[in-house]
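**Q**
Protein chains: 2
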Amino acid sequence: MQIKAVIIGAGNVGTHLAIALKNEGVQILQIVSKTMKSAVELASRMECSFTTDLQDINLQADIYIVCVTDNAIIPVLRQLQIGNKFIVHTSGSMGIDVFYDLAQNYGVVYPMQTFSKFKDINYAEIPIFIEANSPENQQMLFNFVKKISPHVQVINSQQRCMLHICAVFANNFTNHMCTIAEMLMKEHQLKFETFKPLLRETFEKITKYSPSISQTGPAMRNDLHVVQKHIDLLAQFPSIQEIYTHISNNIIEMHKKEE
Amino acid sequence: MQIKAVIIGAGNVGTHLAIALKNEGVQILQIVSKTMKSAVELASRMECSFTTDLQDINLQADIYIVCVTDNAIIPVLRQLQIGNKFIVHTSGSMGIDVFYDLAQNYGVVYPMQTFSKFKDINYAEIPIFIEANSPENQQMLFNFVKKISPHVQVINSQQRCMLHICAVFANNFTNHMCTIAEMLMKEHQLKFETFKPLLRETFEKITKYSPSISQTGPAMRNDLHVVQKHIDLLAQFPSIQEIYTHISNNIIEMHKKEE
């Protein structure tokens, strides 16, 4: 029997999840989004109906997947009238407890990846972390999620939140370090492209060995003259100067402990 | 005629440079290192002589390449007695001015890459930035460096220093963000390996598009509740908490400007 799903939220997470589920034979019944534009866009791609009004939600689905920003989860749950239907959210940072009093059968599906509308994703490679309110729901959710990725793990809300913090460091902050480099390069008429071989090597070392044994650079060498020179040269960018200082000190501190 | 080189310093940079030069037919005459162990190791790999005493330097080379840490460059130059022989250093942060009064023919060769003794490097892909004290020396250095990489660019000391700062952000700091994630994961009995697909996607987005358009995450979405929750949860690691705060604020600040 084909499983039917309603996707609530048509942002990056909702879009990629809907595509992956449809590809694996799940019938997407409806897209619910607060903006008409994203509702229409994703629904036409899914060949399904759409609405911008939570009151018009289709009640025939087996699972309701909430893919909205964290702040919107509780407001959305409060407005939803879906009885004892199974419902999940997809947030890294919100606990399973947001469902208390607002649902009877519920869980969490947290796909650990960075989603951008402009770039396709191979869902089969993504680790997905789940949690549910009963062993039966957990088993059901496990089987459902297994359709789109073989890498499914059950973890609790505390672990998931820590995992999300770590993902912020490993993805959002690494990306921002490069944004800073890109900005400084532009300011000095240098090309960011130059960094591609360095970035490839960095990525290879981190994934093949480990980041702690791959660390290099002036802070790692405890070369305080160079660190200070760099800090001085960043004077016209106070926030970036502060970031440089804190990270360098943390590298020095962390690698001293190891010696 | 085969070019002859002496390498001063047998650390990561000296080792990889010596290997690349030898592979391209440069004759490595001698390895000079302050520690006997690294001198012997690299010299045996280069099939050449070695010394730990700068007074015993071989005077038959065409070029002397100083691959020591920044702090050691001036002390090394002060002890060297090589007359008007051509000498270069390989530092990103030291200006060409360190040679004033200490040499007659000089320059800088800055290979922008992260070098680890445990990992081989394909030098042909590395961008190398050079500078010299005269147009003739610059041309000579350009031809010499071209042997090991087609990506040779002439830049001045100020540009090179900014490039080095950017390389610290793009490599050392991205790596450290992952070290922090690895440490936090370990503390919570979670595996860092889980991050490989996320890291691959991050690397692909940064290099294929650009870091500024690839940014995602709670700070980018201006989701201050999640940012604050993460900051609170990092209370037991004050330095990491501080780093999280500063980088998140900088992401918010930088991407606000763009709107």
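Residue numbers (numbering that gives the first Met the number 0), protein chains in the order written: chain A, 0 to 258; chain B, 0 to 258.
Where a beta carbon is used, it is the ideal one built from N, C-alpha and C, also for glycine.
This structure is a prediction, so every number in the text was calculated from the model and none was measured.
Is it the case that the region 96 to 106 of chain A contacts the region 75 to 83 of chain A, given that we only count it when at least three CB pairs across the two stretches are under 8 Å?
**A** yes
**Q** Could you give the first and the last residue of the continuous alpha helix (DSSP H) run that contains residue 186 of chain B?
**A** 173 to 186
**Q** Use the C-beta contact count for residue 163 of chain B: other C-beta atoms within 10 angstroms, 16 or more gives buried, fewer gives exposed.
**A** buried
**Q** If I follow the unbroken beta strand (DSSP E) through residue 114 of chain B, where does it start and stop?
**A** Unbroken run through residue 114 of chain B: none, as it is neither H nor E.
**Q** Excluding the five sequence neighbours on either side, which residues of its own chain have a C-beta within less than 6 Å of the C-beta of residue 95 of chain B, listed in chain order?
**A** 107, 130 and 156
**Q** Is the beta carbon of residue 125 of chain B sitting closer than 8 Å to the one on residue 137 of chain B?
**A** no
**Q** Could you tell me whether the Cβ atoms of residue 12 of chain A and residue 66 of chain A are closer together than 8 Å?
**A** yes
**Q** Does the beta-carbon distance from residue 178 of chain B to residue 211 of chain A come in below 8 Å?
**A** yes
**Q** For residue 90 of chain A and residue 109 of chain A, I'd like the C-alpha separation in whole angstroms.
**A** 6 Å
**Q** Measuring only the C-alpha atoms, how far is residue 2 of chain B from residue 60 of chain B?
**A** 8 Å
**Q** State yes or no: is the beta carbon of residue 251 of chain B nearer than 8 Å to at least one beta carbon in chain A?
**A** no
**Q** If you draw a straight line from the alpha carbon of residue 272 of chain B to that of residue 27 of chain B, how long is it in whole angstroms?
**A** In the structure as shown, chain B starts at 0 and stops at 258, and residue 272 of chain B therefore has no counterpart that could be examined.
**Q** Would you give the residue range spanned by the alpha helix (DSSP H) that residue 14 of chain A belongs to?
**A** 11 to 22
**Q** Which first and last residues belong to the alpha helix (DSSP H) in which residue 207 of chain A is found?
**A** 195 to 207 is the extent of the alpha helix (DSSP H) around residue 207 of chain A.
**Q** What is the residue span of the alpha helix (DSSP H) that residue 36 of chain A lies within?
**A** 35 to 45
**Q** Hey, is the region 165 to 180 of chain A in contact with the region 172 to 187 of chain B, meaning 3+ C-beta pairs nearer than 8 Å?
**A** yes
**Q** Helix or strand or just coil, what does DSSP make of residue 152 of chain B?
**A** strand
**Q** Identify every residue that forms a DSSP beta bridge with residue 48 of chain B.
**A** B:29
**Q** Which residues of chain A have a Cβ atom closer than 9 Å to the Cβ of residue 46 of chain B, listed in chain order?
**A** Those do not exist, as residue 46 of chain B stays about 27 Å from chain A at its closest Cβ, beyond 9 Å.
**Q** May I ask which residues mark the beginning and end of the beta strand (DSSP E) holding residue 314 of chain A?
**A** Absent from the structure is residue 314 of chain A, since the part of chain A shown begins at 0 and ends at 258.
**Q** Reducing DSSP to helix, strand and coil, say where residue 236 of chain A ends up.
**A** coil
**Q** Determine whether the Cβ of residue 195 of chain B lies closer than 8 Å to any Cβ atom of chain A.
**A** yes
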